[in-house]
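*Asks:* This is the structure I have questions about; it appears just below.
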Amino acid sequence: MGSDKDARLTALDVNQSFIVQAPAGSGKTELLIQRYLSLLASVDIPEEVIAITFTRKAEAEMRHRIVCALKNANKGVIPDNEHNKKTFYLALDVLKKSASNDWNIAEQPQRLTIETLDALNLRVAKKMPLLSGGIADSKVIDTDRFNDVYLSVAEKLVSRINDSDELSDDLIIVIRHLNFNYSELVGLLANLLSSRDQWLEYIIFDQPIQLVNSINQATVNLIEDELKELSEIIPEKTLAELITLLEFAIENTKSDTFKDLSDSQAFLKLNGNPKPISGDIKIWQALGKLLLTKDGAWRNKGLHHVGFYKEHIQMYDQFKNMIKQCSGYHGISKLLMTIIDLPQPFLTDEDEALLTSLCKILRYLTAELKIYFEKNNLVDFVETAITAKQALGAETEPSDLLLALDRKIKHILVDEFQDTSQSQIRFLELLTAGWQSGDGRSLFLVGDPMQSIYRFRNAEMSLFLNVRKYGLGNISCRPLTLETNYRSCPDIISWVNQTFVNVFPEQDDFKVGAAQFTPCMPDPARLKEQDEFVNVHVLRESYKDEEIIKVGQIVREECSKYPNQTLAILVRNRGHLSDLMAVLKSHQIPVRAVEIESLSQQQVIQDLIGLTRALTHLGDRIAWLSLLRSPWCGLTLSDLQKLCGDDSSSAIWELMHDKKRISSLTIDSKNRLIRVRELIEYAFHTRSYYTLDVWIERTWKSMGGHKSIESIDELNFSKEYFIALSKLDLNSDLNSTDELEKYFSAHKVSNITQGTCGVEIMTIHRAKGLQFDSVIVLGLGRELSPGKSRRGLYWLERFDRKGKRNILLASNVKASNSGNNLLSWLKKMERIKNQSEESRLLYVATTRARKRLHLVGQIKGNRPPNSSLFSRIWESLNCNFKESVKPIEKLEKQNSSITPVLRRLKMLPKILNTENIISKPPEKVEYSWASQSAIQVGTVVHELLHRITIDGIKNWSPKRIIENSSEFEFKLRMLGVHKPHLDQSVNRVKQALVKIMEDSTGLWILQEHNESSSEHIINFLHNNVLQQLRIDRTFIDEHGTRWIIDYKTSSHEGGSKDEFLESELNRYKGQLELYAKAYSKMDNTNIKVGLYFPLLQAFQSWTPEIHH
1 MGSDKDARLT ALDVNQSFIV QAPAGSGKTE LLIQRYLSLL ASVDIPEEVI
51 AITFTRKAEA EMRHRIVCAL KNANKGVIPD NEHNKKTFYL ALDVLKKSAS
101 NDWNIAEQPQ RLTIETLDAL NLRVAKKMPL LSGGIADSKV IDTDRFNDVY
151 LSVAEKLVSR INDSDELSDD LIIVIRHLNF NYSELVGLLA NLLSSRDQWL
201 EYIIFDQPIQ LVNSINQATV NLIEDELKEL SEIIPEKTLA ELITLLEFAI
251 ENTKSDTFKD LSDSQAFLKL NGNPKPISGD IKIWQALGKL LLTKDGAWRN
301 KGLHHVGFYK EHIQMYDQFK NMIKQCSGYH GISKLLMTII DLPQPFLTDE
351 DEALLTSLCK ILRYLTAELK IYFEKNNLVD FVETAITAKQ ALGAETEPSD
401 LLLALDRKIK HILVDEFQDT SQSQIRFLEL LTAGWQSGDG RSLFLVGDPM
451 QSIYRFRNAE MSLFLNVRKY GLGNISCRPL TLETNYRSCP DIISWVNQTF
501 VNVFPEQDDF KVGAAQFTPC MPDPARLKEQ DEFVNVHVLR ESYKDEEIIK
551 VGQIVREECS KYPNQTLAIL VRNRGHLSDL MAVLKSHQIP VRAVEIESLS
601 QQQVIQDLIG LTRALTHLGD RIAWLSLLRS PWCGLTLSDL QKLCGDDSSS
651 AIWELMHDKK RISSLTIDSK NRLIRVRELI EYAFHTRSYY TLDVWIERTW
701 KSMGGHKSIE SIDELNFSKE YFIALSKLDL NSDLNSTDEL EKYFSAHKVS
751 NITQGTCGVE IMTIHRAKGL QFDSVIVLGL GRELSPGKSR RGLYWLERFD
801 RKGKRNILLA SNVKASNSGN NLLSWLKKME RIKNQSEESR LLYVATTRAR
851 KRLHLVGQIK GNRPPNSSLF SRIWESLNCN FKESVKPIEK LEKQNSSITP
901 VLRRLKMLPK ILNTENIISK PPEKVEYSWA SQSAIQVGTV VHELLHRITI
951 DGIKNWSPKR IIENSSEFEF KLRMLGVHKP HLDQSVNRVK QALVKIMEDS
1001 TGLWILQEHN ESSSEHIINF LHNNVLQQLR IDRTFIDEHG TRWIIDYKTS
1051 SHEGGSKDEF LESELNRYKG QLELYAKAYS KMDNTNIKVG LYFPLLQAFQ
1101 SWTPEIHH
């Protein structure tokens, strides 16, 4: 062990609470396990010790290692390693305690309470009574559905803007500042819902004026804390001389530097030196502008800009001497810049009105979301966190549940404590509210503020610093620091120490949440090995893919020299991996990508999306071209050009029937196209028999799509595709083909296994907690792209000089923002915190390496961009490690493009009879006009019926319908109905609409009713799956009955009309009754359902059987 042996032993004292800083590679998890075992041996029952992690992976690892420690102790084999030996004896003590107290811990490891914070929240929240706001057995929404729910709730709330009530008044105030952009307001509110556990408690006041007063007082405290710190540095005599110089500058300057002060009453009435109070803030800010330039440098040149000319040599020299004197005060320039940027102490009237309106809207919004959750028996993780805190009550008024937990829990361990949020800190404070020093209970908090990289998840690293200084609630935690890095080689540790000491601040900065650098020492027992180094590869940016080519070279060299090693390529974001996968594959380097590529980037998914889009929309030209290039068809580019290159207006499906074009193709392509065409014809013939997912899968398999699968991964992707398609199925169709791309783009591939080589590609965030023999960090010279979405609310929680918590809050909905207001200051704090996290992100990346570290980046000119990761360490590289920085390289440009390979089935079975290829569909009386054109006719009729209800039935007539024939033809052509069927399809549309106009039932359905709606979409939880249902027409009639009606544009062309209607009723009865069941959960009205057939002027209705 290294020099932190004493700290590790001290950490096992079960009578004390600790907060431990454990840098990268310091054996943090092993220390947690030892502490957990020590605590188990000291309690009456194992449930009195609870360990909290932030991820399931960390929870599983900790549980596994504790169980393994107990098993090894039970075997009695003493390890040789001193560290493991300590764990062995601690586990042995636990087994002895288990035996004496009948715990049976070896047989019942489930008694070990190790869980994620989300799981603990959920467990506590479910114990809260339902009538008190508990969540009972509500299901947690899938992560990929959060945004859809938030948008739906926000849209519903904003739709109340015309209700003429207090909420609508507030909505109008806010949307006016967004230039009446409805969608921007919806998006802004939806985005805020994901972080509501952070800001909700800040905005809950009985009166808006209380919120305003609270913020104003917090701003005053902020200003006066900074001014007091400055006044303690500058002697009174020096300050008096500065005021004299400032007065001279105001009288003589020709610039507007002091325009805010020239008519300031505080300055005009100043008698003596300014006081460190908010009322004198402008005077202090003017002093900062007098001494410093805009970029924070001392004003050693250009004194005339602030009114000092050599003609007034005495004042000129006095000012120069003053600058020299002040520059000798440590840290004063940074403090002066901080004061210059401070906000004014009070909100303006406009800002007050805007903030209070937004906060009232947010309270309505969270209530609306809660109603949505209750109706659908759902929750998100944020709701469980909020409910868990409510279930515990307050520190002064603890709930019965908190009192019960207080009696049960004696010791709490928290892993990765640097990644806690304000909300999570509150929860821990409540959980330990009744604890007192010396009462036999303890906290053990472990983390590393230098590795806090999850601000996008609301983690706030400054909380670690605050708890270390002030404690958690009533509990003071003794600080401990581990210093030995058991992971990395001495060369890497030395490089990290010398580089990052210049990147991190000299001391902890509580204001912006930046931790000072804590150096590590290497494991003294580790022997020096060959080929351990740090290489920095700085590339002159001469072409786009230069660094990708360089990484390919490094990987090839690493794999050649060290074939049995583990190697990782790390990036800040997935966008930096453009073309890397293709380059590595072209060099036949097998890789494992971890949550890098989305499912939509996988070839099999792209082919299936193309097939689905093509079959559901004949006019989707790109999808049809994709289908013809897919493995189950495989036309060459030259034959595609012959088929459709000179005709950009006709549907590809039409061109596939053009004999002249087909005859121009090669024999192979001709056979392939005809085969696929016949299979698609048959697929259209069977369209009405199957759900969308089954239909697409059968068609895909009939073409041989399953035979083009090349790996287990692709097989699993295809299975996942059809499962997703069943979820997106809306009445055997897609609401929008965009949903497919959106769904699969949002889902990342967790593993792509292409071989046994240890090359892994992942983001730096994903690599946290992992280690590799070699690490390549890519994209260090790239700029960070700013986020596009506007954040509607900024907030900051800080501790003042007295250790009291202060909340600063500002709205961000104004079209423009300027000046020293609170919002500007909060935004600047946010930028500074993000920059600090960028430094920590690079630290995390570099400390994943055990033996070799490669840093790769392209730059333009002589410096990297300010927002790049390279910029964080650039000065250190130039000062300390010139020998490790490879000379700026200019690689010979290589042809990095990948030649497209046409992937296709080599052997295609000859089609003799379609029935031999696809099993015959179930028998059905042939009444429907069975073709793809019939489906598109139905689409157009539905669209026009919706339009008629919007325009009003009185504004339509048979004559108008006939006159709109050209519009119907255009719509059908856009949907892909080709010429042979076009005239017939147009006539079908006209016939259906005219017959409605001539039918009293049709007119009754389309006329205005109470709560009438067409193409009405509702979300409904059915069999634990949230479905989206589209209802053609619904309304409440004069008798108070809710009608749910579906249009069917089919007609019988054989057999009797009664048989046809009966078969259609049986076919769609389940669908209509599902609609009825969904509506019955929203209101208590009587419900009737019906099928309306415009072409037959027939209406089949019945009272549904509804079973909940």
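Everything in the sequence shown is counted per this note's numbering, starting at 1 for the first residue and increasing by one. Using N, Cα and C, we set each Cβ at its ideal position, and we do this for glycine too. All figures in this text were calculated on a predicted structure; none of them were measured in a lab.
When you compare each of M656, I961, L117 to I386 by their alpha carbons, which one comes out closest?
*Replies:* L117
*Asks:* Is Q21 near R487, with beta carbons less than 7 Å apart?
*Replies:* no
*Asks:* My output table needs one value for N84: the three-state DSSP class, helix, strand or coil.
*Replies:* helix
*Asks:* Whole angstroms are fine: how far does the CA of T293 sit from the CA of P23?
*Replies:* 38 Å
*Asks:* Note down, one range per segment and in chain order, each beta strand (DSSP E) of at least 3 residues found wholly within the stretch 835-863.
*Replies:* If we require 3 residues or more, the beta strand (DSSP E) runs fully inside the stretch 835-863 come out as 849-859.
*Asks:* How about A190 and L480: are their beta carbons less than 7 Å apart?
*Replies:* no
*Asks:* Is the stretch 324-334 touching the stretch 231-244 in the sense that three or more CB pairs, one from each, lie closer than 8 Å?
*Replies:* yes
*Asks:* Note down, in chain order, each residue of its chain lying with its Cβ closer than 7 Å to the Cβ of F533, except the 5 sequence neighbours on either side.
*Replies:* D491, R852
*Asks:* F500 and Y843: beta carbons closer than 7 Å?
*Replies:* yes
*Asks:* Consult DSSP for F1099 and reduce its assignment to one of helix, strand or coil.
*Replies:* strand
*Asks:* My understanding is that H981 touches S933, with C-beta atoms under 8 Å, so please give their C-beta distance in whole angstroms.
*Replies:* 4 Å
*Asks:* Which word fits K1057, buried or exposed, when buried means at least 16 other C-beta atoms lie within 10 angstroms of its C-beta?
*Replies:* The residue is exposed, with fewer than 16 neighbouring Cβ atoms inside 10 Å.
*Asks:* From what residue to what residue does the beta strand (DSSP E) around S774 run?
*Replies:* 772-777
*Asks:* Could you spell out where the beta strand (DSSP E) holding M762 opens and where it closes?
*Replies:* 759-763
*Asks:* In terms of residues, what are the limits of the beta strand (DSSP E) holding T481?
*Replies:* Unbroken beta strand (DSSP E) run through T481: 478-481.
*Asks:* Quick check on this structure: which residue in A218, I283, K275, Q217 has the alpha carbon closest to the alpha carbon of F247?
*Replies:* It should be pointed out that residue 247 corresponds to Glu in this sequence rather than to Phe. Of the candidates A218, I283, K275, Q217, the one whose C-alpha sits nearest the C-alpha of E247 is I283.
*Asks:* Could you check how far apart the C-beta atoms of T366 and L200 are, in whole angstroms? I think they sit under 8 Å.
*Replies:* Confirmed, Cβ separation roughly 6 Å.
*Asks:* Can you tell which of K71, S357, H304, T484 has its C-alpha closest to the C-alpha of N104?
*Replies:* K71
*Asks:* Can you give me the start and stop residues for the alpha helix (DSSP H) that K289 sits inside?
*Replies:* 281-291
*Asks:* So for S327, helix, strand or coil by DSSP?
*Replies:* coil
*Asks:* Mapping DSSP to helix, strand and coil, what is I917?
*Replies:* At I917, the pLDDT of 36 sits below 50, so the modelled position is not reliable; the number obtained from the coordinates is stated separately. DSSP places I917 in helix when its eight states are reduced to three.
*Asks:* Given a cut-off of 7 Å, decide if I453 and V591 are closer than it, judged by their beta-carbon atoms.
*Replies:* no
*Asks:* If I measure Cβ to Cβ from V989 and keep anything under 8 Å in the same chain, skipping five residues before and after, which residues do I get?
*Replies:* V937, V940, V941, L944, F968, L972
*Asks:* Can you give me the C-alpha to C-alpha distance between D169 and N162, rounded to a whole angstrom?
*Replies:* 9 Å
*Asks:* How many Å lie between S476 and L245 at the Cα?
*Replies:* 48 Å
*Asks:* Should the stretch 43-52 be called in touch with the stretch 401-415, which here means at least 3 C-beta pairs below 8 Å?
*Replies:* Touching, yes, given that three or more Cβ pairs across the two stretches are closer than 8 Å.
*Asks:* If you run the structure through DSSP and keep just helix, strand and coil, what is H587?
*Replies:* coil
*Asks:* Is V676 helix, strand or coil by DSSP?
*Replies:* Residue state, collapsed to three classes: helix.
*Asks:* In whole angstroms, what separates the C-alpha of R947 from that of L1095?
*Replies:* 18 Å
*Asks:* For T753, which three-state DSSP category applies?
*Replies:* Residue placement at T753 is poorly supported in this model, since its pLDDT is 43, which falls under 50; the coordinates are not used for a value here.
*Asks:* Determine, using beta carbons only, whether F1035 and S1014 come nearer to each other than 7 Å.
*Replies:* no
*Asks:* Under the DSSP definition of a beta bridge, which residues are partnered with A810?
*Replies:* Paired residue(s): Y794.
*Asks:* Is there contact here, the stretch 370-381 with the stretch 174-189, by at least three beta-carbon pairs under 8 Å?
*Replies:* Remark: fewer than three beta-carbon pairs, one from each stretch, lie closer than 8 Å, so the stretch 370-381 and the stretch 174-189 are not flagged as touching.
*Asks:* Can you name the start and end residues of the beta strand (DSSP E) that C955 belongs to?
*Replies:* According to the sequence shown, residue 955 is Asn rather than Cys. Premise fails: N955 is in no beta strand (DSSP E) and is neither H nor E.
*Asks:* Give me whichever residues DSSP pairs with Y1047 in a beta bridge.
*Replies:* For Y1047, which the question treats as bridged, DSSP gives the partners Y1092.
*Asks:* Hey, R441 and W435: beta-carbon distance below 7 Å or not?
*Replies:* One thing to note: R441 has its Cβ within 7 Å of the Cβ of W435.
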